[in-house]
Amino acid sequence: MKKILTNCQLILSQGVLSKGAVLIDDEGKIAYAGYESGLPEVDGRIIDLEGKYLSPGFIDIHVHGGNGITFGEGDLAAGLIDYSNWVLSSGVTGFLTSITGATPDELGNKIEFLVIEFEKGLPGAKGLGIHLEGPFMNIENKGAQNPKWIRTPSLEETEMYLEAGKGWIKQVTIAPELPGADEVAARFSEAGVVVAIGHSTADYETAVRAMASHWSLITHTFNAQTGLHHRQPGIVGAVLTSEDVIAELIADTVHVHPGAMKVLLRCLGPDRIVLVTDAMEAAGLQDGIYHLLGAKVIVKNGKATQADGTIASSTALINQCVRNMTRVVEVDLVDAVKMASMNPARVIGMGDDLGSLDVGKQADLAVVDEDINVHMTIVNGEVVYSKI
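Residue numbers for the sequence shown follow this note's numbering, beginning at 70 and rising by one.
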């Protein structure tokens, strides 16, 4: 059945349009987005959005789980389904599962399982693919990664993962300074996988060379990588002086200071930043003791750390990150939303179908108020979460 969303403010790529409306066709795609006065005369279910903002659905391309769920652990199918339903309350309509494994076989098995579930389809937010955050990282900048799970880049492993992934691996994090990294990055890139610099000790020159070859994305910029120093600019310096690399940003104000976020925005602009949560199982839950990658994680005042104080993923929700960008970093609402919708869609090659309110795209939408609280989430034109 067609749906007509009325009495809303549309967050379009060119700005906010008041007194707007959206028509969703029988195939769950956007058939009209514009002034309410210009709506085609059709029969359908009318949904009054009470003057709230209508945004493209948020897409999280770097997340490990939430609400007590860790991707690839426990009852894998039930956990993935529960997460798909739970994350709707933060406006997420699609996500990548960020995973790694203790051994090549274990990681390969996780990939095969996820592919099966993705091909079946999830009931809430869409499983858009897989992000391999490991195992090809530098142990000297492991962050919260399990050091026993980190391995030297291997073409044999890479081929195994690509075969198991059947095209569902969308992103991989690789430290470019490691032996064999160039060959592995080239193979992933050839297979259509976005290669990101992360968990790396690369110097400025190595990072620049990587960005000029197969690396086009930066995993959680500023974190677990060489920082900016006036004589050793590091990976961060290479990012800030780059012309086209895309930068992930965990905008929870824990991982990155708002001042650093402003510097990144000033250097890259709003089209080259992707908001991610990097969230783990404690997201959405109370402070306490949790686990990530085989290690204990202590969550206090919403900050997740290992026993030695190392930040261990996050408890952030994507709508909170959008809110922080508008309120703390003082980013325009349209640009903040773009960083959580259109930009990640483009990174994983889905910008033609997702990420904006353009006619012909999938009607994956989020209804939010001025504080970016989520009141409704729509996936494929169906209302899957609502407080209206």
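Positions of the beta carbon are idealized from the N, C-alpha and C atoms, including for glycine.
| query | result |
| --- | --- |
| Where does I315 sit, in a helix, a strand or coil, going by DSSP? | strand |
| Short of 6 Å in beta carbon distance, which residues of its chain neighbour V277, apart from the five on each side in sequence? Order them along the chain. | A307 |
| CA-CA distance, G338 and D401? | 12 Å |
| So, L231 versus R256, is the Cβ gap smaller than 9 Å? | yes |
| Applying the 10 Å Cβ sphere with the 16-neighbour rule, what's the burial state of N370? | exposed |
| Taking only runs of the beta strand (DSSP E) that begin and end inside the segment 144 to 206, which ones reach a length of at least 3 residues, in chain order? | 161 to 168 and 195 to 202 |
| Please classify Q214: is it buried, with 16 or more other beta-carbons within 10 angstroms of its beta-carbon, or exposed? | buried |
| Using alpha carbons as the reference points, say which of T172, G198 and K235 lies closest to I219. | T172 |
| Identify, in the order they occur along the chain, each residue of the same chain with its Cβ nearer than 6 Å to the Cβ of P302, setting aside the five sequence neighbours on each side. | Y273 |
| Specify, as a first and last residue, the run of the beta strand (DSSP E) that V263 falls within. | V263 to I266 |
| Going straight from the alpha carbon of E439 to that of E175, what length do you get? | 44 Å |
| Rounded to whole angstroms, what's the CA-CA distance from G137 to D321? Just pull it up for me. | 19 Å |
| Since G163 contacts I199 with CB under 8 Å, what's their CB separation in whole angstroms? | 13 Å between Cβ atoms; not a contact. |
| Whole angstroms is fine: what's the gap from L166's alpha carbon to G134's? | For the sequence presented, residue 166 should be read as Thr rather than Leu. T166 and G134: Cα-Cα distance of roughly 8 Å. |
| Taking only three categories from DSSP, how would you classify K331? | helix |
| Look at F187 and W237 and say whether their C-beta atoms are less than 9 Å apart. | yes |
| In chain order, what residues of the same chain have a beta carbon less than 6 Å from the beta carbon of Q294, not counting five sequence neighbours either side? | S269 and I304 |
| Would you identify the three-state DSSP class for V443, choosing helix, strand or coil? | strand |
| Using a 10 Å radius around the Cβ and a threshold of 16 neighbouring Cβ atoms, would you call M70 buried or exposed? | exposed |
| Span of the alpha helix (DSSP H) holding V253? | A250 to E259 |
| Using the DSSP secondary-structure output, state which residues sit across from K50 in a beta bridge. | Since the first and last residues shown for the chain are 70 and 457, residue 50 lies out of range. |
| Count the other C-beta atoms from every protein chain shown that fall within 10 angstroms of the C-beta of T242, then say buried if there are 16 or more, exposed otherwise. | buried |
| When you compare the CB positions of R341 and D313, do they come within less than 9 Å of one another, or not? | yes |
| The alpha helix (DSSP H) with P413 in it runs from where to where? | M411 to V416 |
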